[in-house]
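Chains as they are written, first to last, in our numbering: chain A, -17 to 173; chain B, 13 to 425. Backbone N, C-alpha and C fix where the C-beta goes; we use that ideal spot for every residue, glycine too. It should be emphasised that the depicted structure is a prediction, and the values quoted were computed from it without experimental measurement.
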Ligand SMILES: [Zn+2]
């Protein structure tokens, strides 16, 4: 028994060393590749003063019961996660074109991160749940306003997992299951 | 995809961006490495330490004794629902559950499911007319349930366990921790009605103070009475009073009663003031890779589900089954939804409204055709007024009943 344990430990230890070696080699290569500067075409250059922006489409509720698109310009951020964050920030601020915002007043985004497999984890303040009116239709509107807004603008985001106050919840407020990530629902949208 | 980069970058920005990307890349590597480490080592430690809850039973001439054994003291509450006994065990960690044969003349089946921070063990008896005595033993920690036919004990509905030794030989002398109930026995098919919400979980609210939980219970009770009067089906409600039942337990009640149909009754709410009318839902699934894989697994292994799977894998398999039970019934569920929607459209004058799909928690684990009926919008003041009126509640119950009947007719053809 003792020798068996030693063998397992030995094997794991050598695996660890091997992984460490691979890890540092690949990081080194990455550094070399990314230091070569890319050429810029003149049209891409601009003056420092104007803020760079990006157009996104947000989905809000309309009186017909469907989600409708609304275009918005957001500041351009270098990372995907920051772009996605800015998009959700804009979304929960509410519509500028008279659509209905399916978010309780005071809802804030706490954190957003995106996994390599393209699942966005979107963590909202407790307000989203506590001030939510509950009801199947209301919960479906809230969830797919978020999900469709993210999956539509960022093709790297395939699915969206909604968290509240840092944790996974069974449901948003008694109806929609939050224990899994959602794909977008095009059938809820009218263009 | 209408993503437009408003202006370009100057080279300084690009360098900064490259630096940031590099940083992100090496962060990714570190995360990847940590994950690798975790996946390699943690299961090693974990699999040896995951504690076990054992379920086993012993049959005596007058009663069946069921043991629930755990490595730590058991914090539980027990509830009786018709012929079903539900033991809710609080658990901050996950357990392996080993189940030996518990079945007896009185005990039809014993199942279990995992809740948020609990395990629910459901004991299905062959007869709703049974009583149960509960004891706690230590060393090892055991919850002992003595289940017997007929009324016994002092009739108190107190299911808190007693710290005493269960007697080996029992007579009909009452014990303080027993409860009893008697309902007519039946071998009919069962329809489970689930009045949405309850207790502190109130559901949606109307402007004038109506609560979803009250409306759902009223309509469910009326629907139960209509079915009982007209059809040869047994009806079980997931709750008959103002209490909160966890969503997973509602599915467990349906499954343990071997339900034939499951109807979850709700009152709707929308951010739109104008929203009105009924909406009947069945479960939607994310056709994700993971779920597709689970389904394929189930389809390929369903025949060997019963016996051949190793005992240590049994709990995982059962988890998958519980989690995905509804997927096998989506077609029938949509037909049932359509039948009910049609009747409610006629009642509320929303002639063209179709059925809907949504990822509702309460439907996921139900192993029979299941729908969620949003009767009307409690968020619409006009419909709120109607929802609390007896006349409207009766009409709604009748419409759901009619939809049910037309579904049954279609299915029998
Ligand atoms: Zn509800």
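Taking the CA atoms as reference points, residue 109 (chain B) sits about 19 Å from residue 267 (chain B). Proximity of residue 43 (chain A) to chain B, defined by a Cβ-Cβ separation below 8 Å, is satisfied. Taking 8 Å as the cut-off, the beta carbon of residue 205 (chain B) is found no closer than this to the beta carbon of residue 265 (chain B).
Spatial neighbours of residue 88 (chain A) in its own chain (CB-CB distance under 8 Å, excluding positions within 5 residues in sequence) are listed in chain order as 107, 109 and 113. Where residue 393 (chain B) is concerned, the enclosing alpha helix (DSSP H) starts and stops at 393 to 399.
Within 8 Å of the CB of residue 158 (chain A), the CB atoms of chain B belong to 370, 371, 372 and 373, in sequence order along the chain. Residue 263 (chain B) places its beta carbon 8 Å or farther from that of residue 388 (chain B). For residue 264 (chain B), the closest Cβ of chain A is not nearer than 8 Å. If you compare the alpha carbons of B:257, B:292 and B:391 with that of residue 116 (chain A), the shortest gap goes to B:391. Judged by their CB atoms, residue 346 (chain B) and residue 120 (chain A) are not nearer to each other than the 8 Å cut-off. In this chain, the beta strand (DSSP E) harbouring residue 369 (chain B) covers 368 to 370.
If you draw a 10 Å sphere on the C-beta of residue 172 (chain A), you find fewer than 16 other C-beta atoms in it, and that means exposed. Look at residue 404 (chain B): its C-beta is not under 8 Å from any C-beta on chain A. For a Cβ distance threshold of 9 Å, nothing in chain B lies close to residue 138 (chain A): the least Cβ distance comes to about 11 Å.
With a threshold of 7 Å, the Cβ atom of residue 163 (chain A) does not count as near ligand 1, since no heavy atom of the ligand is closer than that. Short of 7 Å from the beta carbon of residue 58 (chain A), and not among the five residues preceding or following it, lie these beta carbons of its own chain, in chain order: 34, 35 and 36.
Not flagged as an interface residue toward chain A: residue 84 (chain B), since no C-beta distance is shorter than 8 Å. When C-alpha distances from residue 260 (chain B) are compared across B:104, B:112 and B:379, the shortest belongs to B:379.
Looking from the CA of residue 154 (chain B), the closest CA among B:77, B:94 and B:97 belongs to B:77.
Separation of residue 87 (chain B) and residue 104 (chain B) (C-alpha to C-alpha, rounded to the nearest whole angstrom) is 11 Å.
With a threshold of 8 Å between beta carbons, residue 280 (chain B) makes contact with chain A. Interface criterion met: the Cβ of residue 152 (chain A) is under 8 Å from a Cβ in chain B. At a cut-off of 8 Å, the C-beta of residue 107 (chain A) has no neighbouring C-beta in chain B. Residue 404 (chain B): member of the alpha helix (DSSP H) spanning 402 to 424, first to last residue. Considering only beta carbons, the part of the stretch 77 to 109 of chain A lying closer than 7 Å to chain B consists of 82 and 84, in chain order.
Under the Cβ distance rule, residue 209 (chain B) counts among the residues neighbouring chain A, one pair being separated by less than 8 Å. For residue 114 (chain A), the shortest C-beta to heavy atom distance toward ligand 1 is 7 Å or greater. With respect to the 8 Å criterion, residue 102 (chain B) and residue 128 (chain B) are not classified as neighbours on the basis of their beta carbons. Membership of residue 71 (chain B) in the beta strand (DSSP E) is indicated by the continuous run 64 to 71. Bounds of the beta strand (DSSP E) holding residue 161 (chain B) are 153 to 161. In this structure, ligand 1 has no non-hydrogen atom nearer than 7 Å to the beta-carbon of residue 217 (chain B). Burial state of residue 401 (chain B) is exposed, judged by a 10 Å Cβ sphere holding fewer than 16 other Cβ atoms.
Of all residues in the stretch 113 to 124 of chain A, only 115, 116, 117, 118, 119, 120, 122 and 123 come within less than 7 Å of chain B when Cβ atoms are compared, listed by chain position. What residue 291 (chain B) touches in chain A, judged by beta-carbon distance under 9 Å, is 118 and 119, going in chain order. Taking 7 Å as the cut-off, one finds no heavy atom of ligand 1 near enough to the beta carbon of residue 211 (chain B). Relative to ligand 1, the beta carbon of residue 282 (chain B) is positioned no closer than 7 Å to any heavy atom.
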